[in-house]
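Numbering (mature numbering (1 follows the signal peptide of the UniProt record, and there is no 0)), first residue to last: -22 to -1, 1 to 101.
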């Protein structure tokens, strides 16, 4: 289903987390983030919002949907994420600062391709 691919893609791009204190954070990006994923092209839902957690620079999904997130934030804030659900998949890239971020995503599902942009905000 394309929605799941875009949801996964968005979520991955999505890039957000449950907070960790500054004392326990191992990267400047560790903690809770809220990610908004917007579809600009394709038949996917118009927008998705996800909560993600970044721990030691690794992106983890903080929700209950059956999404497989795989992502990492580099030293300079460059982020790359892949999200999969069922037969759908989405990939996102972008950059995070210590409080905000953004980038693009694209995905493929059973109903075709979708793409768009994402923004993230630390919680």
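Think of the CB as a built atom: it goes at the ideal place given N, C-alpha and C, for glycine as much as any other residue.
On a predicted model such as this, the values are computed, not experimentally measured, just so you know.
- Residue 10 is bridged by DSSP to 31.
- For a cut-off of 8 Å, the C-beta gap from residue 29 to residue 44 is around 15 Å, too long to register as a contact.
- A Cβ-Cβ separation of about 6 Å places residue 73 in contact with residue 81 under the 8 Å criterion.
- Residue 67 is positioned such that its CB atom lies no closer than 9 Å to that of residue 16.
- For the options 61, 22 and 21, the alpha carbon positioned closest to that of residue 38 is the one of 61.
- Here DSSP, grouped into helix, strand and coil, assigns residue 22 to coil.
- With contacts defined as CB atoms closer than 9 Å, residue 10 and residue 100 qualify as a contacting pair.
- Between residue 33 and residue 47, the C-beta gap is not smaller than 9 Å, which leaves the two residues out of contact.
- Under the 10 Å beta carbon count, residue 93 is surrounded by 16 or more other beta carbons and is classified as buried.
- For residue 101, DSSP assigns no beta-bridge partner whatsoever.
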